[in-house]
Amino acid sequence: MPKSAPTRYRTRNWSAYNAALRERGSLTVWFDPSTPWHATSSGKRGGQLIYSDAAIQACLTIKVLFGLPLRQTTGFVASLLKLAKLDWPVPDFSTLCRRQKTLAVQLPYRSSNGPLHLLIDSTGIKVRGEGEWHTRKHGGSRRRVWRKVHLAMDEATLEVRAVEITGSGVGDAPVLPDLLAQIPEGEAIASVTADGAYDTRGCRDAIANRGADAVIPPRRNAKPWKKDSPGAADRNEALRAIKHLGRAIWRHWTGYHRRSRAETKMNCMKLLGQKLMARDFDRQTAELQVRIAILNRFTALGIPVTEPVV
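Going letter by letter, the sequence shown gives residues 1 to 310 in UniProt numbering.
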């Protein structure tokens, strides 16, 4: 049979999206003079923090966004404060490095109008090792180290709502309950869409306990489960539907194709750098969380709205 022509799409809000792309390069988006720069007193004995977590995150955002070393980051922030005519002190590079290890990064996001439809995926990002050309030419060394990024994205706003960072030896399925735990208990979850790697009892039970539907394809050699766990009934129904209708129809019927948006978000995260600059795990976690915060801010500024061309 002849292949059908690929669908062509047209952007309906080009003017608004073009303005959003310009705003991504505006320094006023990333540096707000109303930021609480100084830390509040803890009321305990001993030395007190000078800079708030918001100030440290603002500096690290500049660092990650422009790919600057710590010392250049302090000079960049000092010039911004001077242009803004603010007499705030600037944290030195050692302070930024020390605070990055324990920083609780705040992820900005917009609330959905209804229950969440979460899209979950994971990817790896390099910590140390040669580049791709050197690896293909001479082979990889034993010192190649990766970190694994697990994301849960809201389908409505296309913003990341939960993120977990693990070593490369950790599988996808064990992390899903931790991602769901980052969503407040009072916020309803309608569905969780993920690939076949999450087709485990632990994942499906965690999804069922939040009252959500699991849009996860059973594995090719899957067998029905005994109905002794919360997620077994939905999984058996999916297995029965695939057996009678086929996987293609099941994917179209359940909207499984929406998961590709999470893969696109992973690619966007890697556009901020194919490699991490931090050397220890805690600082690497903060660096990746700052990347996600930047992506959420990008998305909030504006995204393209497309429609198929008939």
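The C-beta atom is built at its ideal place from N, Cα and C for all residues, glycine as well.
Taking the C-beta atoms as reference points, Pro218 is found nearer than 7 Å to Asp199. Pairwise C-beta distances place the segment 186-194 out of contact with the segment 220-230, as fewer than three of them are shorter than 8 Å.
Tyr9 is classed as exposed because its beta carbon has fewer than 16 other beta carbons within 10 Å across all chains shown.
Counting only runs of 4 or more residues that sit fully inside the segment 223-292, the alpha helix (DSSP H) segments are 232-245, 247-254, 260-270, in chain order. Judged by DSSP in its simplified three-state form, Pro217 adopts coil rather than helix or strand. The segment 115-123 and the segment 258-274 touch, with three or more beta-carbon pairs separated by less than 8 Å. According to the DSSP secondary-structure assignment, Pro308 is paired through a beta bridge with Tyr9. Look at Thr193 here: in three-state DSSP terms it is strand. Rounded to the nearest angstrom, the gap between the Cα atoms of Gln274 and Leu176 is 24 Å. Note on His150: 16 or more other CB atoms within 10 angstroms of its CB, so buried under the neighbour-count rule. Sixteen is the threshold: when 16 or more other Cβ atoms of the shown chains lie within 10 Å of the Cβ of Arg283, as they do, the residue is buried. Separation of Phe76 and Glu155 (C-alpha to C-alpha, rounded to the nearest whole angstrom) is 35 Å. For Asp154, the enclosing beta strand (DSSP E) stretches over residues 145-154.
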